[in-house]
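Below: the structure, in C-alpha cells.
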Amino acid sequence: MAKEEAEIQTQILDFLESKGFLVVKFHNGAHKVKGVFIRARESSKGVPDIIGMTPDGRFIGVEVKIPGEVPTKEQKAILERINASGGVDVWVS
Numbered sequence: 379m380a381k382e383e384a385e386i387q388t389q390i391l392d393f394l395e396s397k398g399f400l401v402v403k404f405h406n407g408a409h410k411v412k413g414v415f416i417r418a419r420e421s422s423k424g425v426p427d428i429i430g431m432t433p434d435g436r437f438i439g440v441e442v443k444i445p446g447e448v449p450t451k452e453q454k455a456i457l458e459r460i461n462a463s464g465g466v467d468v469w470v471s
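The numbering of the sequence shown is the numbering used here, which starts it at 379 and goes up by one.
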C-alpha cells in the first residue's frame, strides 16, 4: 500500500471516529508473522479497507484508493453487497 493511501485511511478513520462511528482498518493480503508470510483467506478478497458500524448501527465499508485508481471487480462486488444489505458503502479516491 502506498504511503499516501495509508495517510488517507488514517484521516478517514480519525474523522469517522470523531463522528461516533465504530471503525477498524481491515488488513487483507499477506502478512509477515515470525518471518513467514501468511495469506489472508480467499473469501476476504475485496473486503473494504475500513469496516465498521455507523452511529445508528448500520454496517459501513470504505474502500480507499489513491487518486486515479479504481476498486477491483471484487471490491466493487463487496461494496454493492453492503449497499444491497442496507449498509453504507463508500469509495474514496
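Note that CB positions come from ideal geometry on N, CA and C, so glycine has one too.
Burial state of residue i (16 or more Cβ within 10 Å)
i: Pro426; result: buried
i: Val440; result: buried
Where residue i falls: helix, strand or coil (DSSP)
i: Phe393; result: helix
Through-space distance from residue j to residue i, alpha-carbon basis
i: Phe399; j: Lys454; result: 22 Å
i: Lys397; j: Leu391; result: 10 Å
i: Met431; j: Gln389; result: 17 Å
i: Phe404; j: Val466; result: 16 Å
i: Leu394; j: Gly435; result: 14 Å
i: Lys412; j: Glu458; result: 36 Å
i: Gln387; j: Pro445; result: 13 Å
i: Pro433; j: Ala462; result: 19 Å
i: Thr450; j: Ser422; result: 13 Å
Contact belief for residue i with residue j at Cβ below 8 Å, rounded distance in angstroms
i: Ile428; j: Val401; result: 5 Å
i: Lys443; j: Val468; result: At roughly 11 Å, the Cβ-Cβ gap does not stay under 8 Å, so Lys443 and Val468 are not in contact.
i: Gly424; j: Glu452; result: 3 Å
i: Ile460; j: Phe437; result: 6 Å
Practice problem: Go through the segment 409-463 residue by residue and report every complete run of the alpha helix (DSSP H) that reaches 4 residues or more, in order. | Solution: 451-462
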